[in-house]
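Residues 1 to 134 in UniProt numbering are what the sequence shown spells out, letter by letter.
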Amino acid sequence: MTIRLGFVVAEFNRDLTYQMELLGIEHAKFLGAEVTDTVLVPGVYDMPLAIKKLCEKDDIDAVVTIGSVIEGATGHDEIVVQHASRKITDLSLEYNKPVTLGIAGPGMSRMEAHQRVDYAKRAVEAAVKLIRRL
1 MTIRLGFVVA
11 EFNRDLTYQM
21 ELLGIEHAKF
31 LGAEVTDTVL
41 VPGVYDMPLA
51 IKKLCEKDDI
61 DAVVTIGSVI
71 EGATGHDEIV
81 VQHASRKITD
91 LSLEYNKPVT
101 LGIAGPGMSR
111 MEAHQRVDYA
121 KRAVEAAVKL
131 IRRL
């Protein structure tokens, strides 16, 4: 059985999330999984509705979130990641499907964000492991 993944990818900081998306797709193939649906959303804060739509699909086994939240002049980055991660967990429990966190941040500079593009691979790996183990 091939594990079918849905990706929800933030367009904000697209130079980073594009790299993350490509790494995630490549790692999914390496693990014998397939990315069957990708939804682009404006930013990390906008992910929950897209996650919900993918969770409702019978042909999606797990959802992987991909985003990069860089520190700004205010604490906005912390609020965005905190609320998004909480809702991501809630949706996973509501739909009984893995929804994994491939969001780098908060509190990181652009240089640190470039060093953390592998968060997407970790999220893909977590999704595949959860499907296989549960």
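Beta carbons are placed, not taken as given, at the ideal position from N, Cα and C, and that holds for glycine.
- Annotated three-state conformation of ALA73 is coil, per DSSP.
- A distance of 8 Å or more separates the beta carbons of MET1 and ALA120.
- By alpha-carbon distance to GLN82, the top candidate from ALA126, ILE103, GLU94 and SER92 is ILE103.
- Here LEU16 is buried. Its C-beta has 16 or more other C-beta atoms within 10 Å.
- Taking C-beta atoms as the reference points, VAL35 and LEU5 count as a pair closer than 8 Å.
- Of the residues LEU130, GLU125, VAL117 and ARG122, the one whose Cα lies closest to the Cα of ASN13 is VAL117.
- Put simply, the backbone Cα of PRO48 is about 26 Å away from that of GLN115.
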